[in-house]
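The structure under discussion appears below in the form of structure tokens.
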Amino acid sequence: MTYVIEMRNIRKEFPGIVANDDITLQVQPGEIHALLGENGAGKSTLMNVLFGLYQPEQGEIYVKGQKVKITSPNIAGDLGIGMVHQHFMLIDTFTVTENIILGSEPTKAGKIDIKVAEEQVRKLSNQYGLNVDPHAKVRDISVGMQQRVEILKTLYRGAEILIFDEPTAVLTPHEIRELMKIMKLLVSEGKSIILITHKLKEIKEVADKCTVIRRGKGIGTVDVADAEPSQLASMMVGRDIKFQVNQEPYHPGANVLEIKDLTVLDSRKVAAVNSLSLTVKSGEILGVAGVDGNGQSELIEAITGLRKAASGQILLNGKEITQHRPRKITEAGIAHIPEDRHKHGLVLDFSIGHNMVLETYYQRPYSKAGILHFDKIRKQAEKLIKEFDVRTPSVDTPARALSGGNQQKAIIAREIDRDPDLLIAAQPTRGLDVGAIEFIHRRLLEQRKNGKAVLLISLELDEILNLSDRIAVIYEGKIIDIVEPSKVTEDELGLLMAGHHLKGAHENEH
Amino acid sequence: MNTKRLSGAMVPVISVLLGLIAGAIIMLISGYNPLQAYGDIFQMVFLTPYYSGETVVTIIPLILSGLSVAFAFRAGLFNIGVEGQLLVGWLASVATALLLPAGLPKVIMIPACIIAAIIGGGIWGFIPGLLKARFKVHEVITTIMMNYIALHTTNAIIRKYFYAEGERTPNIPDSASLSSQFLYNLTAGSRMHWGIIVALIGAVVMWFILWRTSKGYELRAVGFNPDASLYAGMNVNRNMVLSFFISGAFAGVAGAMLGLGTYHYMTINQDFTGIGFDGIAVALLGLNSSFGVILGSILFAALETGEIGMQSLGIPNDLVQVIIALIIFFVASNYIIRWTRDRLKKKGGGAK
Amino acid sequence: MTIMEILEIVIPSAILSATPLILTALGGVFSERSGVVNIGLEGLMIIGAFIGAVFTILFEHIGLGAASPWLALLVAAIIGAAFSLLHAVASITFRADQVVSGVAINFLALGITVFLVKKLFAGSGQTPYIDHRINKIDVPLLHDIPIIGPLFFSNIAYTSYIAIILAFVVWYVLFKTSFGLRLRSVGEHPAAADTLGINVSRMRYLGVALSGALGGLGGAVYVVTIATNFGATTISGEGYLALAAMIFGKWNPLGAMGAALFFGFAQSLSIIGESIPFLKSIPDVYLLIAPYVLTILALAGFVGRADAPKASGVPYIKGQR
Amino acid sequence: SSNGDDGSKSSGGDKKKGFKVAMVTDTGGVNDKSFNQSAWEGLQKFGKDNGLKLNTDYKYLQSNQASDYEPNLNTLVHNNGGYNLIFGIGYLMEDAVKKVAAANPNTHFAIVDDVVNAKNVTSITFKEEQGSFLVGVVAGMMTKTNKIGFVGGEKSALIKKFENGFKAGVKSVNPKADVLVQYAGSFSAADKGQAIANSQYGQGADIIYHAAGATGNGVFNEAQNRKKKGDNVWVIGVDRDQYDAGMPEDVTLTSMVKRVDNAVEQLSKDAMNGNYHGGENLQYGLKDNGVGLSEHHDHIPDNVMKKVDDYKKKIINGDIKPPQTDAEYKDFLASLK
Ligand SMILES: Nc1ncnc2c1ncn2[C@@H]1O[C@H](COP(=O)(O)OP(=O)(O)OP(=O)(O)O)[C@@H](O)[C@H]1O
Ligand SMILES: Nc1ncnc2c1ncn2[C@@H]1O[C@H](COP(=O)(O)OP(=O)(O)OP(=O)(O)O)[C@@H](O)[C@H]1O
Ligand SMILES: [Mg+2]
Ligand SMILES: [Mg+2]
């Protein structure tokens, strides 16, 4: 039988690292083939090789039995290979249609025939149930829709083989389920799919085969139907994994954070947070669950002083902090693990050591009379690096050079070390592998144990369910319900997040 | 670590060499003798006291102008407004010298004039800074506009309040002068003045502010990543304005050096001095570091003084401009050097 | 003077002096939209002005007469494009800091042109005057239309119409054609464009080359319609004004044109101001700085924030995250 | 004096015998089509006529920035064994000439367009107001619209002499004529020159006199444009015969020439013969043909030329003293009534 894709003995090196070491991948027509591996295992690299973005040092690629040389995405496209990238490759300021047709635009006398293009997009969108608005600007649409645009981009180019690189990392459970449906529809239409993920559950649900990669080496390919999740996990990591769960008894203390009737406008002057009220107590982790874009970011920004509140009150330990400057709020006892570590969390061009005092550099002992004391800063950095196991060649290494997981650990070290009364953790484990996630979860639980308050905002339902004492569900800028994790199923939570109240009438149907 | 830093510093050095070689090729093509030309420049600038002194005279405002640009760059800002800030600083220093009683001692007079220049240049930098912070107006446009406003305004003020025959201000009193008989004798009658101390202090001040103070930490953080700075509790807008003020202040002091040292008066300028634009090049040549700016200024000034020698050889002085441009190109394209080096290594060393 | 009389003087003059700025700013739009910052517009104008003068003289010499300046414009655009490739090579292929490379372009252009003028014209610092300029004309028929005739169709050079038409053409190209879509895509998100098989380097080279062509054209138009010869000071600051016009116009061709016209208008207004009785008493320094102050006020007051193309100034390195 | 490179490696030694003369341009450079160029032409003529060698016996140095003036002058003091007479061209060099002359009492200097009081400096100035007065007479008589324009570069005392002399000439022959005066604020802004000319012609002026360097290029351009369209407009050029700048439309009515070349040549000759005129201020006016109308004045009718000659005589014999400053112009106007 011929494989639709066969990659044989692929080797790809980067300076100082072998990202792919003799990997073989065989994909049959009409199957969903999962590619499983830890962060940095080499999954994206392998797919980038297949997509023509990288040239392998060794190895051969066959498409439908034909030996091919894929030297550019153009050639991959001609061979019917399409890729939905891990980091979306969309142009914010362009419309959905423009993003889709870019590079192979229908033209009439040199002019883009936008009518025809939109029609084609609409047709494809309907055919696969993708439901996108061809006119919308990409920056105005949800992450889920952005991903469907990415899928449309490949379909528009007539892709037969679709590569999905960690497509679910940014999606809500509902969206994930939709995506699974779409994938199944695609294979039923005769397309083949390579699915990269480190979520075992998803593999169990949709994939037919699974190839596991560890540290650049192929570990093996299994039939998903025959494999236990635990088996896959240990293939992936090379050891057994314990998932952290919040098991300690729940003894909440006084209110640390009180939010009353808070309204916050987003950049477009629309109320993103809409008279929202919420309290977080000491000794608890309050999880905020919600579909991305329901006001979570604005809520955090308002609490931390990065965005002005339009109305309402925010109290920390009973003292008003509404409209205070970020510095005052930080000093009052709030620490914040930001959702975008590159944008907010780090000055990438500073050394990792200097990043460790980003909020405290002006205080003793790091600076006296306006003069920095580097020995003290270095000492502090070294302490944190050791305590939080931040893997870096030295304190002086630029933050930019650290891997994502280690950057995140550095931020968490910095924030927790300030011993805050309230720790706001926004997407603290996004994109990290299980090892790193385990570590971070343990730290969050420690905070709780020490009698601190933790406000956890996450799109990962597992994370919310495992760690929280209470779960607040945010929908359209309001907390529509607060539930206990033990008394709610993932499905129920999903419904809430979609705006459906659990008991009683369906008020917010759509 | 150390070797890495060293190779970083090698880049401008190699660029300078490549620029000089390219200049030599142009001279050869145009029928001049490059060895003689460079030899003469070297001999003139480094071995003849008078021209050494004059080179220093050129170096002084150039260092300060380069520091101005470099400081702004470090804070994430592009200051094309050095020309204007320099003119304002020049006028502020000269006006102060003329308005204060001439009998004041030097220790009061000179600092007063320099402070006036700091304030003058600083304000001229402050305005684009404020406009950027407050109204998000792109600093490149405002600084360009502020240059023209400075040119016409300083001329008008001189005409109205400080006019002396010869289209300039009167001479400043000796008590405000940075010149000295000692340096004059030392350099066989050049205009070299104590401003070189001021420029070097300026370089130290910039280094100190940026790398030793918590304010400098803040300014650099804001320059690299305003979002993270805001997150970390810094006042991004205020820092932006402050950076522009300090940058303008350096430029203003550059102007004071012309007023108190080089000329002892201010002329009604028909055009910009060019020192501000050279400052951009010097800052970039010096990788935006204090020490680099000093080295860059020396190179620039040496080439500019060398022009006189080249003219005497009959070589059009515009060639120096071309050489300077090529050097800047090579510095900018430092990747070309890394690229070549990597190629060579691969060929020579084989696999590791 | 009546308002109409004032406008009849101010508007044609504003359009004339705005023309080189429009063209050059359009060049800037191309370059920056493709993701390459171009501080070197001044240098490109210098090259264009030099070529405009030298080739007009050359063509006159070989007897091409009134066609000479037009042909020289063409040559200036070509040489401008060629010269700008230096900036392209440095900033695209060799990942130079684009600001630095642009500054180098400015130095280099001035040095080389003055050097060449001296070589070509027996040591002279400037070229002789050209005999055949592109003249201001009254457009047949149209200039008789009341009100708009005297304002927009009299006393105007065809090059101004060309510039204005080009602004619309550039707008059309950028926003309606696949070339434009691709050019903008590499300026916004080169990695995305790359995955769709668009050759990022090639698009950027084209963007820069077009800026060279238009900048060269701008400089040459300045010479054949205004300056009539070339020397070291012929272009002094016009390129920077064009840069400002591009930013003022928010990287939009029509915006850039509007901004350039605004500059021209502010300047001619300040000139006519000295002849208007009630403005006459104002010290002339206020009129001299008026165009620049007006620009700042306009930016601060109602234009506000403009977002540059996202990837502008960032070298694209394949595969880098 | 002890400073600088004495360049003694070149021929040197016979300094006393061979007379050497050189000049330093201001930032305009030797081909500014203005006084720098004119001065260099004078020096070249002197050099050729006397069999001197270019670049050793006579030469120029160009200044790229104002800060080059002093080192350039100093270079010439020592270069090639030292020049006997060194010209600084332009008022901008006043201070530099003063300083370098003071430091080098054995070298002779000359400054053009300004006065430096020192034993070893000869000052050469021109009575621009006299020449300007004459072209003012031409303009005043020839205007059909009774509107005349004056375009200045920078508003300096020097350019004011042009302006006031010109206005006085106009008013002397045509009291009804109105002179529109505008300064561009720059000597290198052709676009502004054109815009100003456009405005002045647009307001009805038919003759414009410019004293604005390269800014004047724009004035010529505007006039040529208008002439081509059939308007009868003129430009009066400045400094040298600007006939060529007005071609091919032939818009140059005449030019107010300033014979810097003659003055430089004359002083060089005198100096070679031992008379350096040290400490003197040589003022060149109509009397010495230092200023005046250019040779190209075909478009000026004879009756006007006659009037010009009348006035020339009156100025030479002192009956009329054209004003230099605004204040003098006011007085002059009052005296007309
Ligand atoms: N362009 C590059 N230059 C250098 N190293 C790279 C590059 N791209 C990837 N790597 C390295 O190659 C290894 C494999 O990376 P890759 O992105 O393929 O991992 P991955 O399995 O997709 O991980 P993740 O789950 O985090 O997406 C990593 O160590 C990574 O740091
Ligand atoms: N483009 C690149 N050029 C050079 N080095 C790179 C590049 N991309 C990644 N690296 C290096 O590769 C390593 C892994 O990077 P990556 O971002 O894939 O880490 P990660 O898989 O997210 O790590 P973690 O396991 O901590 O989550 C890091 O040391 C990083 O510095
Ligand atoms: Mg990763
Ligand atoms: Mg990956």
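Protein chains in written order, with this note's numbering: chain Y, 408 to 917; chain C, 4 to 355; chain A, 141 to 461; chain L, 7 to 343.
Where a beta carbon is used, it is the ideal one built from N, C-alpha and C, also for glycine.
Mind checking residue 852/Y: buried by the 16 CB within 10 Å criterion, or exposed?
-> Label assigned to residue 852/Y: buried.
Closer than 8 Å at the beta carbon, the chain B residues around residue 320/C = Chain labels in this structure do not include chain B; the protein chains are Y, C, A and L.
Please confirm whether residue 493/Y and residue 573/Y have their CB atoms less than 8 Å apart.
-> Yes, the Cβ-Cβ distance between residue 493/Y and residue 573/Y is below 8 Å.
For the alpha helix (DSSP H) holding residue 824/Y, just list the boundary residues, first then last.
-> Segment 811-824, the alpha helix (DSSP H) holding residue 824/Y.
Contact list for residue 751/Y against chain C, beta-carbon separation under 7 Å = From the beta-carbon of residue 751/Y, the residues of chain C found nearer than 7 Å are 230, 231 and 234.
Identified DSSP bridge partners for residue 665/Y = The secondary-structure analysis by DSSP pairs residue 665/Y across a beta bridge with 686/Y and 722/Y.
Rounded to whole angstroms, what's the CA-CA distance from residue 217/L to residue 133/L? Just pull it up for me.
-> The C-alpha of residue 133/L is placed about 14 Å away from the C-alpha of residue 217/L.
What's the C-alpha gap between residue 397/Y and residue 665/Y?
-> Outside the shown range of chain Y (408 to 917) lies residue 397/Y, about which nothing can therefore be said.
Can you tell me the Cα-Cα spacing of residue 55/L and residue 62/L, whole angstroms?
-> Taking the Cα positions, residue 55/L is about 15 Å away from residue 62/L.
Count the other CB atoms, across all protein chains shown, that sit within 10 Å of the CB of residue 397/A; report buried if there are 16 or more and exposed otherwise.
-> Flag for residue 397/A reads buried.
For residue 325/C, which residues from the same chain have a beta carbon less than 7 Å from its beta carbon, with the 5 sequence-adjacent residues on both sides left out?
-> Result list for residue 325/C: 26 and 29, in chain order.
What is the DSSP secondary structure of residue 452/A, reduced to helix, strand or coil?
-> For residue 452/A, the secondary structure class from DSSP, reduced to helix, strand or coil, is coil.
Is there a Cβ from chain A that is less than 8 Å from the Cβ of residue 189/L?
-> For residue 189/L, the answer is yes, since a Cβ of chain A falls inside 8 Å of its Cβ.
So residue 806/Y and residue 754/Y are in contact, right, with Cβ under 8 Å, and what is the actual spacing, rounded?
-> The Cβ separation is near 7 Å, so the contact holds.
Three-state class that DSSP yields for residue 197/C in the structure shown = For residue 197/C, the secondary structure class from DSSP, reduced to helix, strand or coil, is coil.
For residue 380/A, which residues in chain C fall below 8 Å Cβ to Cβ?
-> The answer, in chain order, is 83 and 147.
For residue 163/A versus residue 306/A, is the C-beta spacing smaller than 8 Å?
-> In this structure, residue 306/A lies closer than 8 Å to residue 163/A by Cβ.
Going by the CB atoms, is the gap between residue 655/Y and residue 679/Y shorter than 8 Å?
-> Not a contact, by the Cβ cut-off of 8 Å.
Close-in-space but distant-in-sequence residues of the same chain around residue 57/L (CB under 8 Å, 5 per side omitted) = The answer is none, since no qualifying residue turns up.
Residue from 320/C, 256/C, 339/C and 273/C whose Cα sits closest to the Cα of residue 63/C = The residue from 320/C, 256/C, 339/C and 273/C with its alpha-carbon nearest to that of residue 63/C is 256/C.
State yes or no: is the beta carbon of residue 78/L nearer than 8 Å to at least one beta carbon in chain C?
-> Yes, because at least one Cβ of chain C sits closer than 8 Å to the Cβ of residue 78/L.
Under 8 Å between the Cβ atoms of residue 126/L and residue 280/L?
-> Contact: no.
Where residue 202/C and residue 259/C are concerned, what is the direct C-alpha to C-alpha distance, given to the nearest angstrom?
-> Between residue 202/C and residue 259/C, the C-alpha separation is close to 11 Å.
Going by Cα to Cα distance, which pick from 325/A, 431/A and 419/A is closest to residue 408/A?
-> Comparing Cα positions, the closest option is 431/A.
DSSP three-state assignment for residue 157/L, whether helix, strand or coil = Residue 157/L falls in the strand class under three-state DSSP.
Measure the beta-carbon distance from residue 145/L to residue 176/L and round it to whole angstroms, keeping in mind my assumption that it falls under 8 Å.
-> Confirmed, about 6 Å.
Proximity winner among 253/C, 221/C and 252/C, relative to residue 243/C (alpha-carbon distances) | Closest by alpha carbon: 221/C.
Complete alpha helix (DSSP H) runs within the stretch 161-233 of chain C (minimum length 4 residues, chain order) | At a cut-off of 4 residues, the continuous stretches assigned as alpha helix (DSSP H) that sit fully inside the stretch 161-233 of chain C are 184-189, 198-215 and 217-227.
Contacting residues, own chain, Cβ-Cβ under 7 Å from residue 298/C (five flanking each side not counted) = Closer than 7 Å at Cβ, skipping near neighbours: 289.
Contacts that residue 509/Y makes with chain A (C-beta to C-beta distance below 9 Å) = Within chain A, the residues placing a beta-carbon under 9 Å from that of residue 509/Y are 318, 321, 322, 325, 332, 333, 336 and 338, ordered along the chain.
Going along the chain, which residues of the stretch 415-445 of chain Y sit with their C-beta nearer than 7 Å to a C-beta in chain A?
-> Listed by position, the residues of the stretch 415-445 of chain Y near chain A (Cβ gap below 7 Å) amount to none.
Residue span of the beta strand (DSSP E) that contains residue 442/Y, given as start and end | Per DSSP, residue 442/Y belongs to the beta strand (DSSP E) from 439-443.
Figure out for me which residue from 278/A, 202/A and 336/A has the closest Cα to the Cα of residue 506/Y.
-> That would be 336/A, whose Cα lies nearest to the Cα of residue 506/Y.
Which term fits residue 144/A, buried or exposed, when burial requires 16 or more other beta carbons within 10 angstroms of its beta carbon?
-> Residue 144/A is exposed by the Cβ-count criterion.
C-beta neighbour in chain C for residue 115/L, strict 8 Å | Not closer than 8 Å to any Cβ of chain C, the Cβ of residue 115/L fails to qualify, so no.
To which residues of the same chain is residue 174/C closer than 7 Å at the C-beta, ignoring the five residues directly before and after it?
-> Only 267 and 268 meet the Cβ criterion.
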